[in-house]
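In the numbering used here, the protein residues as written are 1352 to 1814.
Have a look at this one:
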């Protein structure tokens, strides 16, 4: 789990790769341990092999022009190739590239700059992008909501972390009054406090009021009469996105609020819209930090969850490639080449390092073999062909890096086929899996609990 999370947080893709590679390295190390090779010697040699592989990757990687949309499409579509959205990978890749490159500074894009909106129904091909706009679902509405404006040009936007509702006494609260007049005075104070806040908001001449807390009946009806749109109970993360998009500040008090205050936000158009069977509020032409909204459509909730996960991985890869600009061939081409080079380098050793380098090479070949097995291909035959290619055919064909084409069941030139992955994914997977294996090898031993100790630790933790 730790390996999976580390790869997902740092890179966003290659989570299966890092788990498989760690297991393969430990499996090969176990064979060496049975041959009475010391675990610290194995760990030291594995780190040496890792450094050698990272140096080889430097010579294999290529720098791409991130302004070339066709090159970016190759990288993103490769990531989506193994996902449930594979039939729609080119359309989704185009949407994501447009969403990221249309921002002011694509090389420093964060995942928060893209607002993903999931709406069941229709087809994945009905998904679309709302550039420089924010889209959020309609919240719980109170009496008077239908009288509010549903379309506003050039609105002024106020964001609150404030409750605009009459306070209700708790179940254990006691209020002692001696007359009906005293009770009326108490209620009047509550109303005056609320309407003082509403008057201050109205005097600032805002057109839209959004709050993370409740905007009750009285406030909703007041805003409807003043032709102000108001919505409460907006989730905090969404309110933060609206703040970034519109340039508005989230405030917890309306005291001192004035017309054209610096805490107000702006956009070119507010509109209430219907997508599928759901209502949404859209803010278009936002003037703050650019935020794009991607509306995802799909026939079932399960499919949309898969689409969301796939897009998250693709977005992570796209943002990394825009920043680092280096790619490697996919389809197991890098692993085949590294395994061949490691075996060649192992011949320069006259000690146990030769065996460890060869074991590391065999562990690397586990990745393309697993890829072939999952595609229903003969992994042993493809592995033999790859080894033969690097030992004999390489000098004749000039094709240095060959990967597996899972559709044709043969080895192809991954560079020519456009099967590319960011070099950061391969680098981090190699580094993370090798270091994890070395950590396990550094464990001298374990102290198992006896049956009595296990009984004592039940329910109270380890003692």
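The C-beta atom is built at its ideal place from N, Cα and C for all residues, glycine as well.
Name, in chain order, the residues that DSSP records as bridge partners for residue i.
i	result
residue 1643	1465
residue 1414	1677
residue 1562	1511
residue 1630	1625
residue 1762	1755
residue 1479	1646
residue 1454	According to DSSP, residue 1454 bridges with nothing at all.
residue 1824	In the structure as shown, the chain starts at 1352 and stops at 1814, and residue 1824 therefore has no counterpart that could be examined.
residue 1620	1504, 1635
Within its chain, find whatever has a CB closer than 6 Å to the CB of residue i; leave out the 5 residues flanking it on each side and keep chain order.
i	result
residue 1813	Low confidence applies to residue 1813: its pLDDT is 39, below 50, so where it sits in the model is not reliable enough to give any reading.
residue 1365	1358, 1776, 1780
residue 1691	1741
residue 1580	1499, 1500, 1559
residue 1622	1502, 1633
residue 1514	1564, 1565
residue 1785	1397, 1401
residue 1423	1448
residue 1491	1584
residue 1516	1565, 1567
residue 1578	1500
residue 1444	1424, 1427, 1428
residue 1574	1581
residue 1626	1470
residue 1353	none
Can you list, in chain order, the residues of its chain with a C-beta nearer than 7 Å to that of residue i? Leave out the 5 residues immediately preceding and following it.
i	result
residue 1624	1631, 1633
residue 1595	1639, 1640, 1642
residue 1811	Bear in mind that a pLDDT of 46 at residue 1811, under 50, signals an unreliable position, so the model cannot answer this.
residue 1429	1681, 1770, 1771, 1772
residue 1788	1373, 1376, 1377, 1380, 1397
residue 1684	1752, 1753, 1754, 1765
residue 1403	1696
residue 1482	1453, 1643
residue 1667	1362, 1363, 1364
residue 1715	1686, 1689, 1690
residue 1442	1476
residue 1587	1563
residue 1571	1493, 1494, 1495, 1496, 1581
residue 1718	1368, 1371, 1372, 1683, 1686
residue 1431	1437, 1440, 1443, 1444, 1661, 1665
residue 1763	1753, 1754, 1756
How far does the beta strand (DSSP E) with residue i in it reach, from first residue to last?
i	result
residue 1680	1677-1680
residue 1338	Because the chain here runs from 1352 to 1814, residue 1338 falls outside it and cannot be looked at.
residue 1773	1771-1773
At what residues does the alpha helix (DSSP H) containing residue i begin and finish?
i	result
residue 1399	1390-1411
residue 1732	1730-1739
residue 1486	Element bounds for residue 1486: not the alpha helix (DSSP H) but the beta strand (DSSP E), 1484-1488.
residue 1437	Where residue 1437 is concerned, there is no enclosing alpha helix (DSSP H), given that its DSSP letter is neither H nor E.
residue 1379	1366-1385
residue 1866	What is shown of the chain runs 1352 to 1814, which leaves residue 1866 out entirely.
residue 1428	1420-1431
Once the 5 residues before and after residue i are set aside, which same chain residues still bring their CB inside 8 Å of it?
i	result
residue 1739	none
residue 1593	1485, 1487, 1508, 1510, 1561, 1585, 1599, 1616, 1634
residue 1647	1467, 1468, 1469, 1470, 1475, 1478, 1655, 1658, 1659, 1662
residue 1391	1792, 1793
residue 1778	1405, 1408
Is any heavy atom of the ligand ADP found at a distance shorter than 7 Å from the C-beta of residue i?
i	result
residue 1648	This structure lacks the ligand ADP; in fact it carries no ligand of any kind.
Three or more C-beta pairs below 8 Å linking the stretch 1465-1472 and the stretch 1601-1619 = No: the two stretches stay apart, fewer than three of their Cβ pairs being nearer than 8 Å.
Taking only runs of the alpha helix (DSSP H) that begin and end inside the stretch 1575-1609, which ones reach a length of at least 4 residues, in chain order?
-> Complete alpha helix (DSSP H) runs here, min 4: 1587-1597.
Touching by the beta-carbon criterion (3+ pairs, under 8 Å), the stretch 1502-1521 and the stretch 1648-1656 | Taking a cut-off of 8 Å on C-beta distances, the stretch 1502-1521 does not touch the stretch 1648-1656, as fewer than three cross pairs fall below it.
Going along the chain, which unbroken runs of the beta strand (DSSP E) with 3 or more residues stay wholly within the stretch 1679-1710?
-> Those beta strand (DSSP E) runs which fall completely within the stretch 1679-1710 and span 3+ residues do not exist here.
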